[in-house]
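These notes are about the structure you will find just below.
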Amino acid sequence: MKIDFFGIAKQNQLIKKNLKKKFDKLFKHNQYILGPEIQALEKKLAKFTGSKYCITTSSGTDALLLSLISLGITVGDEVIVPNLSYIASAEVIKRVGAKPIFIDVKRTDFNINEELIKKKISKKTKAIIAVSLFGQTPDFRKINLIAKKYKIYVIEDAAQSFAAKNHGKMSCNLSDIGCTSFFPTKVLGCYGDGGAIFTNKKKIYEKCKKLRVHGQSKKYVYDLEGLNAKLDTIQAIVLLEKLKILNKEIKLRGKNFIKYKKFLKNIKHIELPEVQKNNSSVFSIFTIIAKKRDMLFNFLKKKNIPVAIYYPRTLNKQKIFSKIKKNECPVSEELSKKIISLPFSAYITEKEMKKIANEITNFYSS
Ligand SMILES: Cc1ncc(COP(=O)(O)O)c(C=O)c1O
22 MKIDFFGIAK QNQLIKKNLK KKFDKLFKHN QYILGPEIQA LEKKLAKFTG SKYCITTSSG
82 TDALLLSLIS LGITVGDEVI VPNLSYIASA EVIKRVGAKP IFIDVKRTDF NINEELIKKK
142 ISKKTKAIIA VSLFGQTPDF RKINLIAKKY KIYVIEDAAQ SFAAKNHGKM SCNLSDIGCT
202 SFFPTKVLGC YGDGGAIFTN KKKIYEKCKK LRVHGQSKKY VYDLEGLNAK LDTIQAIVLL
262 EKLKILNKEI KLRGKNFIKY KKFLKNIKHI ELPEVQKNNS SVFSIFTIIA KKRDMLFNFL
322 KKKNIPVAIY YPRTLNKQKI FSKIKKNECP VSEELSKKII SLPFSAYITE KEMKKIANEI
382 TNFYSS
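Take a look at the structure:
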């Protein structure tokens, strides 16, 4: 059997029966847009993260975009963002007319280097988008302190870290705004696109809620320039079902992470991920640093082991940012050439992990 990179097929088998019953309910009330399940989900998600407010959205990208719009970030402003992330983290900054300022990441956790932020803050800086990559967060205590000093906002891009913790606090509730994604492969994923915004600030909540529906304050009355960025009711149903098994899955992920590391630890040419002090990781993507990365990638593919590279090109090298002066970001440059992500999920088996470890060993000994 082919190894499932994110374990989605096995998860589907567990929830399929219940889901069908829930879909039957939907076909009775027929409220496909902003149905009762959306409110129920928002309440549960807010409680899960300890946030006062949650607004579900059409995607993680739209969650970030609405957040920036709600803070009034626009042409002439600058927003700090790590140089190693998915395009959405920086694309939204450009989309509102502002300028992304790319900062290097740390080799230890692949997240923004908190020590480099201060130097890049200017009069134009309005916010920091700190990404919690691969399942664990950067140090939000440090980031929030800097932001407070310079009176700028902090947005957590928690697309890959839903349910992770930093200093005992839940990801999505670590800063002014937390944005997550429910893309199918995420730790909490739906069956299409989806996302959510979290905040404890009433003003931000009210603004984002309006912006999600074209800036509407009352039916056919529009106060703000908004978007159509709502989550579908059908996706809320999927997420409510998956939320029921999430804590169990997080525990399984933790156990599998320890086993995986045991199987991989004696391979000389790779470096394994480490959970940082004061963090708990959800290990959304199991990423290692590997010598001869591209050759290893091709070798594992040939052996029928699915692998991925998140991300082979740093953000500042993307064409859409070609006009932005490039800061030196040696660590993200190096990582983009050396990192490779291996199959990992709550449902990966010991046999599969051993097979992967054996094939990597075979590659380096050939
Ligand atoms: C770090 C990061 N930010 C933002 C996003 C965007 O989320 P979505 O695909 O739901 O728009 C993703 C999704 O892959 C992501 O990994």
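So the sequence shown is numbered by the working numbering: it starts at 22 and just counts up by one.
Using N, Cα and C, we set each Cβ at its ideal position, and we do this for glycine too.
Source: prediction; values computed, not measured.
The C-beta separation of Glu292 from Ile309 comes to about 6 Å, placing the pair in contact by the 8 Å criterion. Relative to ligand 1, the nearest heavy atom lies less than 7 Å away from the CB of Thr82. Around the C-beta of Asn187, 16 or more other C-beta atoms lie within 10 Å, and the residue is accordingly described as buried. Within a 10 Å sphere around the beta-carbon of Lys269 sit fewer than 16 other beta-carbons, which makes this residue exposed.
Relative to ligand 1, the beta carbon of Ser91 is positioned no closer than 7 Å to any heavy atom. Taking all protein chains in view, the Cβ of Ser79 is crowded by 16 or more other Cβ atoms within 10 Å, so the residue is classified as buried. If the five residues before and after Gly71 are omitted, its C-beta is found closer than 8 Å to the C-beta atoms of Lys190, Met191, Asn194, all from its own chain and listed in chain order. The closest CA to that of Tyr53, considering only Ala184, Asn287, Leu252, Ser106, is found on Leu252. In this structure, Val152 has its beta carbon less than 7 Å from a heavy atom of ligand 1. In the DSSP secondary-structure assignment, Asn249 is bridged to Val234. Judged by DSSP secondary structure, Glu349 falls outside any beta strand (DSSP E); it is assigned neither H nor E.
Here the distance from the Cβ of Gln181 to the nearest heavy atom of ligand 1 is below 7 Å. Ser362 has Thr308, Ala329 as its beta-bridge partners, per DSSP. A residue is called buried once 16 or more other Cβ atoms fall within 10 Å of its Cβ, and Leu166, having fewer, is exposed.
Secondary structure note for Gly81: its alpha helix (DSSP H) is the uninterrupted segment 81-91. Taking a contact to require three or more Cβ pairs closer than 8 Å, the segment 270-277 and the segment 215-235 do not qualify as touching.
Beta-bridge pairing by DSSP links Tyr74 to Thr220. When C-beta atoms of the segment 129-141 are compared with those of the segment 207-216, fewer than three pairs fall below 8 Å, so the two segments do not count as touching. Close CB contacts of Asp160 within its chain, under the 6 Å cut and outside five residues either way in sequence, are with Glu135 (chain order). Counting only residues of its own chain and dropping the five nearest sequence neighbours on each side, Gln297 has a CB closer than 8 Å to the CB of Thr129, Asp130, Gln157, Asp160. Its Cα nearest to that of Leu35, the residue Ala367 stands out among Ala367, Ser302, Lys46, Val152.
Taking the C-beta atoms as reference points, Gly81 is found nearer than 8 Å to Cys200.
Between ligand 1 and Ser106, a heavy atom-to-CB distance of less than 7 Å is present. In this structure, Ile29 is the residue among Ile29, Ser91, Lys23 with its C-alpha nearest to the C-alpha of Ser305. Distances from the CB of Asp178 to the heavy atoms of ligand 1 include at least one below 7 Å. For the pair Ile101 and Thr146, the CB atoms are nearer than the 8 Å cut-off. Inter-residue distance for Ile218 and Asp315 is about 36 Å (C-alpha atoms, whole angstroms). In the structure shown, the three-state DSSP call for Ala30 is helix. Counting only runs of at least 3 residues, the segment 177-213 fully encloses the following beta strand (DSSP E) elements, listed from N- to C-terminal order: 198-202. As a beta-bridge residue in DSSP terms, Lys120 pairs with Glu99. The three-state secondary structure of Ile173, taken from DSSP, is coil. At a threshold of 7 Å, Ala109 counts as near ligand 1, since its beta carbon sits closer than that to one of the ligand's heavy atoms.
The beta carbon of Lys282 sits closer than 8 Å to those of Leu293, all from its chain and outside the five residues before and after it, given in chain order. Around the beta carbon of Thr95, fewer than 16 other beta carbons sit within 10 angstroms, so the residue counts as exposed. In this structure, Gly216 has its CB closer than 7 Å to one or more heavy atoms of ligand 1.
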